[in-house]
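Shown next, in structure tokens, is the structure this report addresses.
Numbering (this note's numbering), first residue to last: 5 to 186.
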């Protein structure tokens with residue numbers, strides 16, 4: 005039904021009234037039946053089956069990942085089958101239909117909401133899905149190695165070895181208290 009008081013024409017879903025030509029929204033998607041008056045550079049992706057915002061020219065659809073991604077990730081992302089069909093590992097909201105900005109972690113490509121990532125990065129440096137660090141840890145490892153070198157193992161313990169099993173299921177035999185080379 006037309007939203008104008010004096011028209012009240014009943015019709016199917018459309019961008020404008022067939023009778024008085026009143027426009028119901030600056031953006032209209034016939035497939036999603038979505039109206040919007042704010043310009044968010046909305047576009048419909050047939051492969052996703054939904055409307056997105058941010059401008060079609062800024063996105064591409066990755067068939068393997070099953071979603072639209074920023075052009076900045078086109079040659080620089082690790083494909084994960086249907087990557088956005090699961091929930092954000094922090095807030096558990098489904099990622100495919102979110103209106104929140106998403107972050108794809110650089111080493112593993114797992115997706116999180118940007119606001120969830122910002123909160124996570126206040127107290128952690130690891131992906132909550134695979135535990136890979138999302139920051140370059142080489143400087144921290146270098147500082148720890150320097151600290152360890154300055155505090156040698158007491159003589160009676162120098163012949164002992166430690167088998168370190170990492171979360172990634174690799175292991176290393178260490179002759180000191182800590183080794184970054186695992």
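Note that CB positions come from ideal geometry on N, CA and C, so glycine has one too.
None of the values given here were measured: they were computed from a predicted structure.
- For residue 115, the secondary structure class from DSSP, reduced to helix, strand or coil, is strand.
- As for any beta strand (DSSP E) of minimum length 3 sitting wholly inside the segment 16-57, the runs are 31-33, 38-40, 47-49, 54-56, ordered along the chain.
- For residue 143, the uninterrupted alpha helix (DSSP H) run begins and ends at 142-153, by DSSP.
- Ranked by how close their Cα comes to the Cα of residue 10, the residues 17, 16, 21 have 21 in first place.
- Residue 121 and residue 136 have their C-alpha atoms roughly 14 Å apart.
- In summary, residue 113 is buried, with 16 or more beta-carbon neighbours lying within 10 Å of its beta-carbon over all protein chains present.
- As computed with DSSP, residue 91 is found in a beta bridge with 98.
- The three-state secondary structure of residue 129, taken from DSSP, is coil.
- Counting every other CB atom within 10 Å of its CB across the protein chains shown gives residue 7 a total below 16, marking it as exposed.
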